[in-house]
Amino acid sequence: MSELKHLYRTATNETFPDKVTVIVGDKSRVYRKVTWPDINGPVGLRYGENPHQAAAYYAPARVAGKGLVDWVKQGKGGPSWTNLADIDHAMRILRFLDAPTVAIMKHLNPAGVASQADDRNLAALIHAARACDDRAAFGGVVVANRLLDAEAATAILAGYVEVVAAPAFSDEALAIFETKPDLRVAKLISHPPHQPYAGDPPDVDIKILSDGSMILQAPYSTRVRSADDLILTPLATRNETTVQVLRTPDAAQLQDLLFAWYVNTGVRSNGIVIARGGKTLAVGTGEQDRIGAVEQAIAKAHQRGHNLRGAVVSSDGFFPFRDAIDTLASAGIVAVTQPGGSVRDDEVIAACNAHRMAMVFTGERCFGHF
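No gaps in the numbering here: position 331 of the sequence shown is 345 in this note's numbering, and each next residue is one more.
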């Protein structure tokens, strides 16, 4: 049994090349293998998604530094594929949020996110993000977009955490992190965000299929730069009958809807995010049916003791039936954002009106299949 425990702390030898060149059309990209200094010499990734999978990390050769992060503290065994992937998925959410924000990630999904423009106390945001689902946050990756001080470091270590990432740390915070030998601490490297908004310079995502073939697609971007881009009073017409949402969200609800939508861009589909006051109350993720994701999110919120009265919801895809709206209304949800585009949008709008619920459309979906 002791050998199994060491399995997760032992690096898997890799023989990947020092340099990789990717050619897409007339563009060529060169990537260099990244290692980090250690007392026993340079080290790379400990292993891939699982301990028996060798892995190597590459950064664009044209960019100086170590790529996504620079490891301040590597813990025992060094960082793994999942550590970097969780940090990356957190940054895909944080890139939309200028206010002080904390995201706690687990298996590439947010266990909780908290953001407050008028609250620069990172410790409070850490507690709020963990309170969303403290069970899911256990063993997670905490990522912040502000300097972490001693109070924030103490708040982080109030629960079990594997990785901490932030743009900077106070000396006192680093001293606190040193008390945990296994904890990994990463400094986020400043770099331009990866095409967050529609119209930004194009890039490409590559998906390798099981037979070696591949799919190229443009990376996800959103047209929703602010609440002004939301469709506030959507309408739908069927059989020459038009219905329109009767209630618009107030200013606070509108900001929560925008926040929930941005968090949802980092959730595995089907994704449902329940939020209030710049904090997630529940994240429903990975369900094959929309109503199932809604039921999962509500159940998780109730299990954690959250009162959902006055909360808002974001859905990463349209509602095919009104059942999700009826279920959300019974839980106390007052406003919803969703892409729109269902053949039954009229029924969904009618359900919102019946429950005096506000609903806005984004005009796009944010599916994430990872």
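Virtual Cβ for every residue (Gly too), placed ideally from N, Cα, C.
| Query | Result |
| --- | --- |
| Spatial neighbours of Thr247 within its chain, please: C-beta separation below 7 Å, excluding the five flanking residues on both sides. | Gln258, Val259, Thr262 |
| Since Pro124 sits in a beta bridge, which residues does DSSP pair it with? | Met119 |
| Skipping 5 residues on each side, what residues in its chain have a beta carbon closer than 6 Å to that of Lys293? | Ala128, Ala142 |
| Give me the DSSP bridge partner(s) of Met373. | Val350 |
| For Ala372 and Ser227, what's the separation of their Cα atoms in angstroms? | 45 Å |
| Nearest to Thr279 by CA position, among Arg106, Phe335, Arg46, is which residue? | Arg106 |
| Locate the alpha helix (DSSP H) running through Val86, then write down its first and last residues. | Not the alpha helix (DSSP H): Val86 falls in the beta strand (DSSP E), residues 83 to 87. |
| Under a three-way DSSP split, which group does Arg323 fall into? | coil |
| Use the C-beta contact count for Asn284: other C-beta atoms within 10 angstroms, 16 or more gives buried, fewer gives exposed. | buried |
| Quick one: measure Cβ to Cβ for Val218 and Ala232, integer angstroms, because I've assumed they're closer than 8 Å. | 7 Å |
| So, with DSSP's three-state summary, where would you put Ala131? | coil |
| Which residue wins for smallest C-alpha separation from Arg379, given the options Asp360, Asn367, Ser344, Ser328? | Ser328 |
| Suppose only complete runs of 4+ residues qualify. What are the alpha helix (DSSP H) ranges in the region 252 to 310, listed by chain order? | 265 to 278 |
| Is it buried or exposed for Phe333, if we count other Cβ within 10 angstroms and need 16 for buried? | buried |
| Where does Val357 sit, in a helix, a strand or coil, going by DSSP? | coil |
| Is the number of C-beta pairs between the region 196 to 204 and the region 80 to 96 that are closer than 8 Å three or more? | yes |
| Within 8 Å, do at least three Cβ pairs link the region 33 to 45 to the region 68 to 79? | yes |
| Have a look at Phe30 and Thr49 and give me their C-alpha separation to the nearest angstrom. | 13 Å |
| Under the three-state reduction of DSSP, which class applies to Ala73: helix, strand or coil? | strand |
| Do you know offhand how far Tyr276's Cα is from Gly213's? | 17 Å |
| Could you tell me which of Pro56, Ala131, Ala125, Ala145 sits nearest to Pro114, measuring between CA atoms? | Ala131 |
| Helix, strand or coil: which one does DSSP assign to Gln67? | coil |
| Which one or two residues does DSSP pair with Arg43 in a beta bridge? | Val36 |
| Helix, strand or coil for Asp196 per DSSP? | coil |
| Three-state secondary structure (DSSP) at Phe30? | coil |
| Are the Cβ atoms of Ala179 and Ile101 separated by less than 8 Å? | yes |
| How about the region 355 to 363 and the region 301 to 320: do they share at least three Cβ pairs that are nearer than 8 Å? | no |
| From the DSSP output, read off the bridge partner residues of Val178. | Val156, Val199 |
| Quick one: what's Tyr211 bridged to in DSSP? | Thr236 |
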